[in-house]
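Just so you know, we're using this note's numbering here: the sequence shown kicks off at 750 and counts up by one.
The next block holds one structure in the form of structure tokens; read it before the comments.
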Amino acid sequence: MTDKQFLQQAIALARRNIEKGGRPFGAVIVKDGNIISEGVNQMAELNDPTAHAELLALRHAGQALRQTRLEGCVVYASGQPCPMCLAAMRMAGITRAVYAYSNADAQPYGLSTEVIALALRADPHEQAGFSFTQQKPDDEPSLYAQWQTHQH
């Protein structure tokens with residue numbers, strides 16, 4: 750299948766999600782030309798602000814492949830992935846994503862995440878309306894040192 754065909758699959762998922770009362774977002778993850786997983790936006794259904802189509806598809810791909818690293822997989826999304834989804838893709842080792850509708854396409858419908866993307870480009874310590882401070886505890890060993898000792 751081609752990029753266009755995989756995108757059509759993601760769009761079809763989004764359309765079915767709309768018909769079920771959900772938001773217009775669908776995603777498929779492909780590896781070696783085969784669809785490994787799918788996801789649709791289920792924020793309202795699950796009362797979960799992280800239940801974006803791409804994140805759910807990533808979770809399903811990890812379960813299907815039995816691994817957290819998804820190198821070699823491609824994400825096809827009906828809409829431009831938000832910063833949270835992009836970060837998750839990068840953390841999973843995804844190096845390619847293709848989307849159908851941009852933030853500019855979504856903006857007239859109140860579905861663009863561009864404002865958040867722009868805010869996140871600023872220094873997190875200086876973002877208006879968001880407090881981001883460190884309060885380091887006096888614990889020894891640190892959580893990270895404890896984790897390292899349990900890895901061996």
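Ideal Cβ placement from N, Cα and C applies to all residues, glycine included.
Asked	Found
Identity of the residues DSSP links to S891 by a beta bridge	Answer is none; S891 lacks a bridge partner.
Limits of the unbroken beta strand (DSSP E) element including I778	775-780
Alpha helix (DSSP H) runs wholly inside the segment 789-839, at least 4 long, in chain order	792-795, 802-814
Between the CA atoms of P886 and R808 - distance to the nearest angstrom	32 Å
Reference R815; option with closest CA among V824, P830, A841	A841
Whole-number beta carbon distance between R845 and V823, since they are thought to touch under 8 Å	5 Å
Residues near A802 in its chain [Cβ-Cβ closer than 6 Å; skip 5 each side]	F774, G775, A776, G788, V789, N790
Residue-chain proximity (Q884, chain D), Cβ-Cβ < 8 Å	No chain D appears in the structure shown, which is made up of a single protein chain.
Alpha-carbon to alpha-carbon, A866 and C831	7 Å
A866 - containing alpha helix (DSSP H), residue span	863-869
Whole-number beta carbon distance between A810 and L804, since they are thought to touch under 8 Å	Not confirmed; about 11 Å, so no contact.
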